[in-house]
Structures are given as structure tokens and as C-alpha cells.
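I have placed the structure first, in the form of C-alpha cells, so that the comments after it can refer back to it.
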Amino acid sequence: ETGVTQTPRHLVMGMTNKKSLKCEQHLGHNAMYWYKQSAKKPLELMFVYNFKEQTENNSVPSRFSPECPNSSHLFLHLHTLQPEDSALYLCASSQGLVVNEQFFGPGTRLTVL
Amino acid sequence: DAKTTQPTSMDCAEGRAANLPCNHSTISGNEYVYWYRQIHSQGPQYIIHGLKNNETNEMASLIITEDRKSSTLILPHATLRDTAVYYCIVREHAGGTSYGKLTFGQGTILTVHP
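Spelled out as C-alpha cells, the structure:
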């Protein structure tokens, strides 16, 4: 238990569906991150938020829309995804951006049919 | 960030030391070496980091060569629960532009056998 929770743990959706992934951290951190881990590929950073403000968008397609209503919650809204978007989506948090350690959640395993 | 090179996989007997190498020959002076691991079906977990001195914590030891072009992560008494993918990451530290960015490679799959 890292103090970062993600729901749902598994999600299957069609290409026309709209769904959202949720991340919550119970560590009092102010920076949160979304990563994508596809099969046989390294983890890729998608978005970075610091004090609810987006500080990095790593050229992510617009069908992925992040939302950070407060420092404890991070969402990833999904719409019109493609089968190649199937992956493990990981959320992480840290106390500030210039830190040694990021704490990761268990991830959401997404399958797009 | 500088790139790292790690062996694809390694085996280790339970109770023995696991020594995981990492090459980072293009590392620059303000870049640190970080190690994370990812156990199957879990998110990555921070292990240790260092600049040029050897470091030790409750999980592992990090040995960095004098020229800083390579390092070794040591798990002193490996257990079955240490079976995971181990990532060696070179990262700019405080004040750098890659402040929060961890650039993961393919890592080393460590399998600990009974």
C-alpha cells in the first residue's frame, strides 16, 4: 500500500465509449502524474500536475483529457480511444516536483475493443 | 536525460546477493542515478538513488564507479519477493528542467529462485 489508489483496477471499453480513470493520493503531496505502460514498451510520462496546474503534457493525443480538481485527486477522461491505447495507466504523486521519490498507484488495466 | 543500458534478465538464488549492473556512459555532472523496481501487476517502487558516493538504505546498496559511467544495485540477501523488473534511471536533480520526469527504459527482469 503506497498511499496512492486508483479506480477502477480493470476497465474494458469500446472505441465509442467515454470513461474516466480516478487517482487519489493520501500522502499530502502536491504533484501528481499520469504514466502509460504498454505491453513490451517502457513507461511513458503523459501528464504532470503541480498544485492543480498542468506543468507538462508529453504530446498526448486529445482523446486523453486530464483533470486535477485538487492536489489529492487526478482524473484521466477517455473518449473515442483506439485499440492501441490498451495499456496499464499508472498514477503517481510526489511532494513537489524536485524530489527523490515518486509514489505509484497499482494502475488501471485498460482494454479498448 | 542520459540513456542507460541494462541486461534484459538475470537470475539469483534465494538468500544470495543480487548484483544488477547499469551502464550510463554519457551521464553528466548534475545527473543522478536512480533505481526503481516494478513487481508484477504493481506500480513502480523507488529503491535508492545516488550521485557519486556509494549509498545504502534498508532495501539495497548502490555502488557507482569513480568515473560514474556505470553502477551496480546490490540486494544483499535476495528473497522470492524481490522478483521484479529493475529500472536504472539517470535523472537531472534539483534545478534541472527534467524536475519530475523519470524516463524508464526496459529494465532488468530479476528472477529469484528457491
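Protein sequences, first through last, are from chains U and Y.
Start counting the first sequence at 1; every next residue gets the next number (the numbering used here).
Start counting the second sequence at 1001; every next residue gets the next number (the numbering used here).
All C-beta atoms in this analysis are idealised placements derived from N, C-alpha and C, irrespective of residue type, glycine included.
Three-state secondary structure (DSSP) of residue i
i          : result
Leu-1080/Y : helix
Asp-85/U   : helix
Gly-105/U  : coil
Ser-93/U   : strand
His-29/U   : coil
Glu-1/U    : coil
Gly-1050/Y : strand
Glu-1058/Y : coil
Leu-45/U   : strand
Ala-39/U   : coil
Thr-80/U   : coil
Pro-1044/Y : coil
Phe-64/U   : strand
Arg-1068/Y : coil
Val-1090/Y : strand
Thr-1103/Y : coil
Val-99/U   : coil
Thr-111/U  : strand
Of the residues the options, the one placed nearest residue i, counting alpha carbons only
i          : options                                           : result
Thr-110/U  : Glu-1/U, Lys-18/U and Val-4/U                     : Looking at the sequence provided, one finds Leu at residue 110/U rather than Thr. Of the listed residues, the one whose Cα sits closest to Leu-110/U is Lys-18/U.
Glu-1055/Y : Gly-1107/Y, Thr-1072/Y, Asp-1067/Y and Thr-1004/Y : Thr-1072/Y
Lys-1101/Y : Tyr-89/U, Leu-45/U and Pro-69/U                   : Leu-45/U
Ala-1078/Y : Leu-1110/Y, Asp-1067/Y, Asn-1053/Y and Ile-1048/Y : Leu-1110/Y
Lys-52/U   : Leu-11/U, His-79/U and Asn-30/U                   : Asn-30/U
Gly-1015/Y : Leu-1080/Y, Glu-1092/Y and Cys-1088/Y             : Leu-1080/Y
Asp-1067/Y : Arg-1037/Y, Val-1085/Y and Asn-1053/Y             : Asn-1053/Y
Pro-1021/Y : Asp-1011/Y, Thr-1103/Y and Glu-1058/Y             : Asp-1011/Y
Pair within 8 Å by beta-carbon distance, residue i and residue j
i          : j          : result
Gln-25/U   : Ser-72/U   : yes
Leu-113/U  : Gly-14/U   : yes
Ala-1115/Y : Pro-1076/Y : Past the edges of chain Y, shown from 1001 to 1114, lies residue 1115/Y, and the structure says nothing about it.
Tyr-35/U   : Leu-43/U   : yes
Pro-106/U  : Gln-1042/Y : yes
Leu-1051/Y : Tyr-1032/Y : yes
Thr-1108/Y : Val-1085/Y : yes
Trp-1035/Y : Ile-1027/Y : no
Asn-58/U   : Leu-97/U   : no
Integer Cβ distance of residue i from residue j, believed to fall under 8 Å
i          : j          : result
Asn-1023/Y : Ser-1070/Y : 5 Å
Phe-103/U  : Ala-87/U   : Not quite, the Cβ-Cβ distance comes to about 20 Å (not below 8 Å), so this is no contact.
His-77/U   : Ser-38/U   : Incorrect: roughly 19 Å between the Cβ atoms, too far for contact.
Ile-1074/Y : Ala-1060/Y : 6 Å
Beta bridge counterpart(s) of residue i as assigned by DSSP
i          : result
His-1113/Y : Ala-1013/Y
Asn-17/U   : Asn-17/U is not bridged to any residue.
Leu-1075/Y : Ala-1018/Y
Phe-1030/Y : It should be noted that the sequence gives Asn, not Phe, for residue 1030/Y. In DSSP, Asn-1030/Y forms no bridge with anything.
Lys-22/U   : Thr-7/U and Phe-75/U
Thr-1108/Y : Tyr-1086/Y
Gln-54/U   : Tyr-49/U
Near the ligand NAP: residue i beta-carbon under 7 Å from a heavy atom
i        : result
Asn-70/U : As for the ligand NAP, it is missing from this structure, which has no ligand bound.
Contacts of residue i in chain A (Cβ-Cβ under 8 Å)
i       : result
Thr-2/U : Any reference to chain A falls outside this structure, whose protein chains are U and Y.
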